[in-house]
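Asks: Input: one structure, supplied below.
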Amino acid sequence: MSSHSTTAKVTPLTALAAFFLLLVAVKFLLPLFLYDLPLGYDPGIYRYLFVRHAEGFPPFVLGEMDTWAHAHALGLFIFSTLLIRAGLPVDWLVGWLWNVMAIVLVCVLAWVTAKREGKAVGVCVLLAGVLSVPYFDGFAAMYWKAYLALLFMVLTFHLMDRKSWWAVIPAIFCLATHNQTGLLFALVMGTWWFLLGLRYRKHPQWWKATLAGAVVFAVAVLVYLPVWQQAVWDHVKKLFTLWGENAPAGSFPPGLFYLKMNALLLLAGACGFLCTLYRDRSVAPWSLAVLWSA
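Numbering of the sequence shown is given in this note's numbering, commencing with residue 594 and proceeding in unit increments.
Okay, structure coming up:
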């Protein structure tokens, strides 16, 4: 009686994905071992917000905090409060959990892209996570709310592709977690809803989607109500008053810097975007997000 041993074959694409994933992990975990303190200037702000919000229970009860703290959307702090009350040390949230968050976002986007566009494109997303300068800049500055909101946006688009009504849940958290990302998401979904309405306004599914969108918007507004003045209204006024030279400078370098540093990556993304438009002959939320971001 002979025994046959079977060995699993590792394809070149799988090996490449594993290699790029290793590089992503090294890139975002290495600062933990190189520096005693987190990178950027936001860790202290976030630690204060995590601690203060954990004294209450957002969005229902807010802990005592300075007025400026009310300018921050509450979505992230719903989760942080639950974790801290469950016994998680607050320093973990401004420590290794943030490093892991940057890796998780890249991996989820790569996985979703592989499902939508094929494994090779998903592997390219991992490579982009290694090479992207603005993504690392956002990580270094600890943009917790922005990265978590982007994760919710990716999950929403993925669930919408699968025609799952569960998309409502990450959609609410995307809006409630970060002002600017929430605005981008609202513009994308509003445009997509309008374009679909031009063709399918009499279709029952369109009306169901309209109702779901109204529920998402209403719940997000309710989450913002405790901090509406500082987190929403003050920012809305700035959209109409701060233009050109009056606009405050951001913490990122000028756009030309990224054009120089990531020119090939941006060119590859633009080519992929145009190829997707040509293939689909329609505009999906993924494509609208690119257009509105530009």
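Ideal placement from N, C-alpha and C gives every residue a C-beta, glycine not left out.
(1) For V654, does the three-state DSSP call read helix, strand or coil?
(2) With W691 as the anchor, note down where its alpha helix (DSSP H) starts and where it stops.
(3) Where does A764 fall in DSSP's three states?
(4) Which term fits C868, buried or exposed, when burial requires 16 or more other beta carbons within 10 angstroms of its beta carbon?
(5) Among Q798, D684, L858 and A807, which one has its Cα closest to the Cα of L630?
(6) Would you grab the beta carbon distance between A739 and T749 for me? Rounded to a whole angstrom, and I think it's under 8 Å.
(7) With DSSP as the reference, label P631 as helix, strand or coil.
(8) Can you look up M735 in the DSSP assignment and give me helix, strand or coil?
(9) Need the endpoints of the alpha helix (DSSP H) that H646 sits in, please.
(10) Cα-Cα, which of T774, D754, Y728 and F732 is closest to L743?
(11) How would you write the range of the alpha helix (DSSP H) that Q773 sits in, first residue to last?
(12) Which residues bound the alpha helix (DSSP H) around G680?
(13) For V808, I'd like the list of residues in its chain whose CB is within less than 7 Å of its CB, leaving aside the five on either flank, ordered along the chain.
(14) Helix, strand or coil: which one does DSSP assign to D827?
(15) If you draw a straight line from the C-alpha of V716 to the C-alpha of W786, how long is it?
(16) Give the DSSP-derived three-state secondary structure of R874 in the structure shown.
(17) Going by C-alpha to C-alpha distance, which of G680, L623 and V619 sits closest to A647?
(18) Can you give me the start and stop residues for the alpha helix (DSSP H) that H660 sits inside?
(19) Go to A813, then tell me how far its alpha helix (DSSP H) extends in each direction, as first and last residue.
(20) Which residues in the same chain as W704 place their Cβ atom closer than 7 Å to its Cβ, once the five residues preceding and following it in sequence are excluded?
(21) Whole-angstrom Cβ separation of L768 and L614, contact assumed at under 8 Å?
(22) Nearest to P819 by alpha carbon, out of V829, M753, A887 and A666?
(23) Helix, strand or coil for P846, going by three-state DSSP, please let me know.
(24) Where does V619 fall in DSSP's three states?
(25) Can you give the beta carbon distance from F653 to T674, rounded, assuming they're within the 8 Å contact cut?
Replies: Looking at the atomic coordinates:
(1) In this structure, V654 counts as strand in the three-state DSSP scheme.
(2) W691 -> alpha helix (DSSP H) spans W689 to E710.
(3) Three-state result, A764: helix.
(4) Under this definition C868 is an exposed residue.
(5) Checked all of Q798, D684, L858 and A807; the closest Cα to L630 is D684.
(6) So it is not a contact: roughly 15 Å between Cβ atoms.
(7) DSSP places P631 in coil when its eight states are reduced to three.
(8) If DSSP states are grouped into helix, strand and coil, M735 belongs with coil.
(9) In this chain, the alpha helix (DSSP H) harbouring H646 covers P636 to A647.
(10) When only C-alpha atoms are compared, the closest one is T774.
(11) For Q773, the enclosing alpha helix (DSSP H) has its first and last residue at N772 to Y793.
(12) Annotation for G680: no alpha helix (DSSP H) segment contains it, and DSSP assigns it neither H nor E.
(13) In chain order, V761 place their CB closer than 7 Å to the CB of V808, counting only its own chain and leaving out the 5 sequence neighbours on each side.
(14) When DSSP states are grouped into helix, strand and coil, D827 belongs to the helix group.
(15) Approximately 31 Å between the Cα atoms of the pair.
(16) Three-state DSSP puts R874 in coil, outside helix and strand.
(17) The option with the nearest alpha carbon to A647 is G680.
(18) It is worth fixing the name first, because residue 660 is Thr in this sequence and not His. Per DSSP, T660 lies in no alpha helix (DSSP H) and is assigned neither H nor E.
(19) That run of the alpha helix (DSSP H) goes P797 to Y817.
(20) Closer than 7 Å at the Cβ level, and outside the excluded window around W704, lie G715.
(21) Going by Cβ atoms, the distance from L768 to L614 rounds to 30 Å, so no, they are not a contact pair.
(22) Distances from the alpha-carbon of P819 to those of V829, M753, A887 and A666 put A666 closest.
(23) Residue state for P846 is assigned as coil, using DSSP reduced to three classes.
(24) Helix at V619.
(25) The pair is not a contact, with the Cβ atoms about 10 Å apart (cut-off 8 Å).
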